[in-house]
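Below is one structure, written out as structure tokens, with a few remarks after it.
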Amino acid sequence: MERNQEPNQSTKPKSKLFTPHNLALMSALIAMQIILARFLSIQVSDTLRISFESIPVILAGMWLGPIPGAIVAVVADFLGTIIHGYGAWFPPLVLGPMAVGILSGVSTKYIFRSPLAETRDTWKVAVTVVVVGILNSFLFGLIGSTLFSIMVAGNTTAFPVLLWTNLLQRLGSKPFTIAVNAVVVTVINRAVYKPVVRQIVSRA
890 MERNQEPNQS TKPKSKLFTP HNLALMSALI AMQIILARFL SIQVSDTLRI SFESIPVILA
950 GMWLGPIPGA IVAVVADFLG TIIHGYGAWF PPLVLGPMAV GILSGVSTKY IFRSPLAETR
1010 DTWKVAVTVV VVGILNSFLF GLIGSTLFSI MVAGNTTAFP VLLWTNLLQR LGSKPFTIAV
1070 NAVVVTVINR AVYKPVVRQI VSRA
């Protein structure tokens, strides 16, 4: 009897990732990301868009883990491209959002090991948002948007020159965006995680 129970015990944790409750929460976060990215953003240039689209992806990573965070990022980017009529989906652009979802989950679950429900963990949430925001804005997103401008938008500027121009533009706006993201994510997490999200996750 004990041997027959072992396979069930080993497969049970794997099924927790995509429960109906988790999928519903992921769907809500995907919808939020699409709205923020496609309808409430400002396209400054071919390489720079000012928006707060990272917030739902960060929340997905922190609340559900790195894999759901990555899934929310990829699905939202793909659906948002189709809905808004940007043409062909450009995979390198999703590397930044994917990294945001994965790193948010890894940082929360495995580095800080934060339960997210306690006030004393607020600084961990803020640090996570700032770090992933910097990596996204000045590494993954910087390279992805520059490649998009050259390969899809048809910009004929040399890659190093366009990359440098893109970096300078981001230095003027991304620190503000990252700071706002940190405040908003912290406030949302404090407001809804303990009374709502933790109940959803605990049912998985």
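For the sequence shown, our numbering begins at 890 and goes up steadily by one.
All C-beta atoms, glycine included, are put in the ideal place defined by N, C-alpha and C.
Residue burial classification, residue i (beta-carbon count within 10 angstroms, cutoff 16)
i	result
W952	buried
S1091	exposed
S1003	buried
R927	buried
R1009	exposed
M1040	exposed
L1005	buried
Spatial distance of residue i from residue j (CA atoms)
i	j	result
T1011	A1080	12 Å
P957	V995	11 Å
G855	T1066	The question about residue 855 has no answer, for the chain in this structure spans 890 to 1093.
P945	V933	22 Å
A965	I919	5 Å
S916	I960	10 Å
K1083	P986	25 Å
L984	W1053	19 Å
L992	T1045	33 Å
L1106	V1074	Look at the range of the chain in this structure, 890 to 1093, and you will see that residue 1106 is not part of it.
P980	Q1088	34 Å
Limits of the alpha helix (DSSP H) - the one that residue i falls within
i	result
A1006	Note, A1006: premise wrong, no alpha helix (DSSP H); not H, not E.
G985	L984 to V995
W952	S943 to L953
T1066	F1048 to I1077
A1080	Segment: none, A1080 is in no alpha helix (DSSP H) and carries neither H nor E.
G1033	G1030 to M1040
I1089	R1087 to S1091
I919	P909 to I923
Own chain residues within Cβ distance below 7 Å of residue i, not counting five before or after
i	result
V1085	none
S930	R938, I939, S940 and E942
G954	G994 and K998
H973	R927
Beta-carbon contacts of residue i that lie in its chain and below 8 Å, excluding the five residues immediately before and after
i	result
L1056	F1027 and L1031
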